[in-house]
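Report on the structure given below.
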Amino acid sequence: MPEHRQGQSNGTVLAIDGACRRPGIPPGAGTRHGEDLMGLTIVHKSDLATRKKNPRVALVLAGGAVTGGAYKLGGLKALDDFLVNRKTTDFDIYVGLSAGAFLAAPLAGGVTPPEMLRSLDGTSEDFTYLSPLDFYNPNLAEFAQKPLEFLVDLLTYLPSALYDFLAQTPELVRSLQEPLAQARRRPTLANLIECVKPVIDAVGAAREFPFPLAYLPSGLFDNASLERYLRHNIDRRGMTNDFRVLYRLRQVELYIVAMNLDTAERVVFGHDEDTSLTISEAVQASTALPGFYKPARLKGVDYVDGGVRRTANIDVAIEHGAELVICYNPFRPFHNRVVRRFVPEKGRYEIEGRPLASQGMLTVLNQVLRTLLHSRLQLGIQQYQDDPSFQGDIILLEPGETDLAFFKMAPLNLWAGRSAGAHGYLSVTQAIEAHYEMIRQILQTYGVLMSRKEVREGLERLLHNEPSEGPEDVLLRDVPKRELRVA
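Numbering-wise, the sequence shown is residues 0 to 486 according to numbering that gives the first Met the number 0.
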């Protein structure tokens with residue numbers, strides 16, 4: 000299927016399955032619009048001429064660690080400022096994994112993005128301060144236990160192996176009779192090896208040698224503290240920690256995605272899915288980032304970060320009836336501007352710019368991880384673009400591919416949360432502003448109204464940092480919704 004490139008205003012617009020026009024959208028044309036600099040991708044397949052009856056709107060939040068989570072909060076705050084009659088706490092379906100799960104659970108319970116941002120510095124009235132110890136809770140138990148296990152197993156290896164070997168002696172003697180007889184008749188090297196094999200097999204089967212690498216802790220930190228933090232604040236705010244009760248009280252569907260470490264299968268927690276865990280426990284399961292956190296062992300099952308299996312799980316929202324999906328993925332690869340040219344006089348290539356490879360292993364891993372997550376998500380988006388049975392709309396928000404400031408933010412830096420939030424606000428504001436009419440038309444068919452007023456005022460304060468109201472005031476103020484209906 001060919002792609003047609005059109006327009007170069009603030010990025011590249013991609014149209015698949017026919018032409019697209021800006022700023023209007025042809026109804027039901029099945030078009031895809033990609034916006035590289037601002038990180039906006041739209042899959043539009045619905046008929047804008049028809050108002051949807053009782054439409055179901057979903058918010059899907061991918062991972063992103065600390066800075067990615069704060070970036071999403073700032074972006075959700077910007078989205079809220081655009082929305083008039085329906086806010087990000089008023090959607091029908093919420094899907095979260097990893098850091099997105101940590102945000103989706105409070106949003107589904109009615110906690111606003113500014114309120115969650117205030118918890119980063121302890122000024123929230125609803126949520127307590129998210130302290131460094133809540134996030135960086137050392138895995139002390141395994142760091143103390145594993146060396147002792149190694150020492151005990153090492154000291155007891157020889158006696159235990161000898162005991163196990165002797166216990167197998169009668170069977171070993173029987174298995175050696177034929178090879179020994181063969182070796183006596185023909186004392187070749189091959190026959191001698193056949194005599195040694197049963198002995199080696201018996202020693203190896205008796206007891207595994209305790210190699211040090213097998214005794215490393217399963218993670219640097221323990222995210223049980225995040226579960227305690229979320230559970231405490233859910234109780235403190237009078238919210239429910241049960242998926243089924245949440246659905247019954249608020250008519251909101253919350254789905255948290257994790258991976259079963261032993262089976263490598265995706266696990267979806269929700270009121271009509273797996274209900275074996277509470278909401279806070281499901282968030283713990285979904286945020287267990289391998290290596291950083293130890294696997295979350297809950298009711299005998301070991302879970303790890305849901306992003307290991309899939310990047311965003313848009314399919315969960317669509318399978319549960321979502322017609323409009325707003326997805327937010329903060330991890331996107333950085334397009335590094337590097338020019339390489341051959342200089343004949345010098346007989347070698349010269350590089351203009353700074354390659355990522357020269358910036359250390361962490362930068363390389365950062366780029367590789369972002370590429371993996373982004374490419375998987377784009378593949379999923381393309382599948383819905385090509386699927387004739389899907390007739391809804393998807394709006395995907397991501398950082399711009401040349402966003403160096405966000406790329407340089409360490410994903411696990413808790414202290415960069417506020418600056419990441421401000422950056423997310425600016426990024427989403429500019430992305431939506433660049434295609435405002437396109438998005439406004441789509442949302443309006445789902446009964447969601449938009450306005451530029453609040454965002455333009457907030458953007459002015461953020462960019463110019465007015466003395467009367469600084470960037471923090473813009474991020475932390477709540478803009479109430481207005482009860483308006485689409486005719």
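Cβ atoms here follow ideal geometry from the backbone N, Cα and C, with glycine treated the same way.
Contacting residues, own chain, Cβ-Cβ under 6 Å from residue i (five flanking each side not counted)
i	result
A257	V266, A284, S285, Y302 and G305
P22	Legend: pLDDT at P22 = 37, less than 50; position of this residue unreliable, no value from coordinates given.
E351	V338
A321	R55, A57 and I92
T122	none
S450	V83
N222	Q283, T286, A287 and Y292
Short Cβ contact (8 Å threshold) for residue i with residue j
i	j	result
F220	F291	yes
L395	I380	yes
I255	A100	yes
Y93	L129	no
I116	G423	For clarity, residue 116 is Leu in the given sequence; the question names Ile instead. Result no, Cβ atoms of L116 and G423 do not sit closer than 8 Å.
P332	T370	yes
G391	S45	yes
S118	T127	yes
D89	R55	no
K145	Y214	yes
L253	A103	yes
Y133	S224	Per the sequence shown, residue 133 should be read as Asp rather than Tyr. Going by C-beta atoms, D133 is nearer than 8 Å to S224.
P410	V83	no
E533	Q181	Summary: the structure shown does not reach residue 533, with the chain confined to residues 0 through 486, and so no result is reported for it.
V367	A356	no
Q250	V42	no
F389	I317	yes
Nearest-angstrom beta carbon gap, residue j and residue i [assumed within contact, 8 Å]
i	j	result
A279	L212	Checking the sequence, you will find Ser at residue 279 rather than Ala. Between L212 and S279 the Cβ distance is about 33 Å, and since that is not below 8 Å, they are no contact.
V324	I431	With a Cβ gap of about 16 Å, V324 and I431 do not count as contacting.
L96	G62	6 Å
Y348	R340	7 Å
L60	K76	Not quite, the Cβ-Cβ distance comes to about 14 Å (not below 8 Å), so this is no contact.
Where the alpha helix (DSSP H) through residue i begins and ends
i	result
F149	L139 to L154
E114	P112 to R117
E397	Per DSSP, E397 belongs to no alpha helix (DSSP H) and is neither H nor E.
G68	A64 to F81
T370	M360 to D385
M99	Looking at the sequence provided, one finds Gly at residue 99 rather than Met. Per DSSP, G99 belongs to the alpha helix (DSSP H) from A98 to A107.
V478	Where V478 is concerned, there is no enclosing alpha helix (DSSP H), given that its DSSP letter is neither H nor E.
E280	I278 to S285
F134	P131 to F134
Same chain, Cβ closer than 7 Å to residue i, neighbours up to 5 away in sequence not counted
i	result
R476	P113
V478	D79, D80 and E453
V487	The chain is shown from 0 up to 486; residue 487 falls before or after that span and cannot be answered.
G74	Y327, L396, G423, Y424, S426 and V427
N232	F126 and T127
L153	P209
L191	A182
Residue range of the beta strand (DSSP E) that includes residue i
i	result
N259	E252 to N259
A57	V56 to L60
H434	Counting along the chain, H434 falls outside any beta strand (DSSP E), and DSSP gives it neither H nor E.
R451	Neither: R451 is in no beta strand (DSSP E) and is coded neither H nor E.
R236	Taken as a continuous stretch (DSSP letters only), R236 belongs to no beta strand (DSSP E), as it is neither H nor E.
F291	G290 to Y292
T187	Run containing T187: none; DSSP gives neither H nor E here.
L219	G218 to F220
Own chain partners of residue i with C-beta closer than 8 Å, once the 5 adjacent residues on each side are dropped
i	result
R375	R309 and T310
G500	Because the chain here runs from 0 to 486, residue 500 falls outside it and cannot be looked at.
S467	Note on S467: pLDDT 45, under 50, position unreliable in the model; the coordinate value appears next. Cβ neighbours of S467 beyond the five flanking positions: none.
R417	A69, L116, L119, D120, E471 and L474
Any C-beta of chain C under 8 Å from that of residue i
i	result
Q382	The chain inventory of the structure shown lacks chain C, comprising one protein chain alone.
Complete runs of the beta strand (DSSP E) confined to the stretch 298–347 [at least 3 residues]
Runs found: 300–304, 323–327 and 338–342.
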